[in-house]
Structure formats: structure tokens, C-alpha cells
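The opening position of the sequence shown corresponds to residue 1 in my numbering, with each subsequent residue numbered one higher.
Backbone N, C-alpha and C define an ideal beta-carbon position, used for all residues, glycine too.
All values derive from a computational prediction rather than experimental measurement.
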Amino acid sequence: MAARLVSNRGTEHFELGFVARRDCGPDPGVDCQVRLVSSSWAEGEPRPITITLGTLHLSLVQIRNLVEVIESWITKPVDELALEPLEAEIDLMFAPQDFLLLKFGSRDDTIAELGKPVLTVDYKIGSTIGVMHFTTDPTCLSVFVDSLKTGVAGVGYIPV
């Protein structure tokens, strides 16, 4: 099962493919295949660029935190979504020397309508470093949250 957060245009997405549970201490983990799909507009039309970070050991506690943060925002009345933008930073990585940081909030280099947060994915895995961002919306976030819950349950944990 894959949890996919799609951009408003539908040409970019962030994806976690749930592979297996990892029982190790107070913060059990999940092995997830991580894919980022972006677009290059250099030739005047979008060309997909796919980056696969492989299977990473992610924190179940942080995945659950991500679900709670997004759910608390998307369940607000529509008129409040524009007044109270989604602002959050969550590092999903289990290993402290690496990071897979999801940042929700505005960016100076990105135009986004009110009520449509920008996701920035900032990562460092070993010596591989990168950043990707796109605008999403409450509907895409809701689908993402549902698929995160399904993914967590699919590897044998109690859903969020």
C-alpha cells in the first residue's frame, strides 16, 4: 500500500510505500519505499522527474504525528482554512544522521492560493541531499491521510 500526496496540478507527488513493520524500542518503525515525482518545465511542458530514495526506516511515532497535524487542519471549516494556514515541520526518519523533513507552509518562491498549503520535502540520506516542493490542497491531504492510515494498518500496526 502506498500513501501518495499529490500536487494541485497532479504532476508532482510524494509517496511512501509501506513495506514492513520494524519493532525496535519505544518508537517502532516502518520500512517505506520513498518516491518523489517532480516536473521539469525547461522545454515548455512538464517532463516527469522521479527520485527514489529506496526503502527507508521511518518513525511510526512521526507518521502518526503527521496524520494528527494534517487531520486537525483539514477538519476545520472551509473559511478557517484560509485564515489559519497549515504550518508544520515533521522529520519522518528514524536514524538521527539522516532526515526526511516534511514542511507545510508558505515559500517565497511559490505562489499558492489561500487554503492551499505548500509541501516542501527536504532530505538527506547518506550523501544524497535534495529538496522538492509543490502546492497541494485539503482534498489531496485528506486522501493522503486516509492512505497513511491504511498503510500503517497494512504492516500490522493499529491504525492512527
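Are at least three pairs of beta-carbons, each pair with one atom in the region 134-142 and one in the region 8-27, less than 8 angstroms apart? yes
If we count Cβ pairs, one from each stretch, closer than 8 angstroms, do we get three or more for the region 87-95 versus the region 54-65? yes
Where Gln33 falls: helix, strand or coil (DSSP): Counted from its first residue, the sequence shown places residue 33 at position 33. Note: Gln33 maps to strand in three-state DSSP.
Quick one: residues in its chain with C-beta nearer than 6 angstroms to the C-beta of Arg47, no 5 flanking neighbours on either side, listed in chain order? Looking up residue 47 in the sequence shown gives position 47. Excluding positions up to five away in sequence, the list reads Ser40.
Here's a check: name, in chain order, each residue in its chain whose Cβ is nearer than 7 angstroms to the Cβ of Pro26, leaving out the five neighbours to either side. In the sequence shown, counting from the first residue as 1, residue 26 sits at position 26. Closer than 7 angstroms at Cβ, skipping near neighbours: no residue.
Where the alpha helix (DSSP H) containing Gly17 begins and where it ends: For the purposes of this step, residue 17 is taken as residue 17 along the sequence shown, with counting starting at 1. Run containing Gly17: none in the alpha helix (DSSP H); it sits in the beta strand (DSSP E), 13-22.
Could you have a look at Val121 and say whether DSSP puts it in helix, strand or coil? Residue numbering aside, residue 121 sits at position 121 when the sequence shown is read from its first letter. Note: Val121 maps to strand in three-state DSSP.
With respect to the alpha helix (DSSP H) encompassing Ile70, which residues constitute its N-terminal and C-terminal limits? On the sequence shown, position 70 is the one that residue 70 refers to. 60-74 is the span of the alpha helix (DSSP H), which, as asked, contains Ile70.
How is Ala3 classed by DSSP in three states: helix, strand or coil? Sequence index remark: in the sequence shown, residue 3 carries index 3 (1-based). It is a strand residue.
Since Glu84 and Lys76 should fall inside the 8 angstroms C-beta cutoff, what is the C-beta to C-beta distance between them, to a whole number of angstroms? Translated into positions along the sequence shown, residue 84 becomes position 84. Translated into positions along the sequence shown, residue 76 becomes position 76. Yes, they are in contact, since the Cβ atoms of Glu84 and Lys76 sit about 7 angstroms apart, within 8 angstroms.
For the region 29-39 against the region 59-67, are there 3 or more C-beta pairs whose distance is under 8 angstroms? yes
Let me make sure I understand the geometry here. Which of Ile129, Val67, Ala112 has the alpha-carbon closest to that of Gln97? In the sequence shown, the residue the question calls residue 97 occupies position 97. Considering only alpha carbons, the answer is Ile129.
Would you call Cys24 buried or exposed, if buried means 16 or more other Cβ atoms sit within 10 Å of its Cβ? The residue you call residue 24 lines up with position 24 of the sequence shown. The residue is exposed, with fewer than 16 neighbouring Cβ atoms inside 10 Å.
With DSSP as the reference, label Glu80 as helix, strand or coil. Here the question's residue 80 lines up with position 80 in the sequence shown. Of the three classes helix, strand and coil, the one that applies to Glu80 here is helix, per DSSP.
Can you find the residues in the same chain that come closer than 8 angstroms, C-beta to C-beta, to Cys140, ignoring five residues on each side of it along the sequence? Position 140 of the sequence shown, counted from the first residue, corresponds to residue 140. Cβ neighbours of Cys140 beyond the five flanking positions: Leu5, Val6, Ser7, Asn8.
Leaving out five residues on either side along the sequence, give the residues of the same chain with a beta carbon under 7 angstroms from the beta carbon of Ser38. Taking the first residue of the sequence shown as position 1, residue 38 is located at position 38. Correct list, in chain order: Glu12, Ile49, Met132.
If you check the beta carbons only, do Val118 and Gly105 fall under 8 angstroms apart? By one-based count along the sequence shown, residue 118 stands at place 118. By one-based count along the sequence shown, residue 105 stands at place 105. Yes, they are a contact pair.
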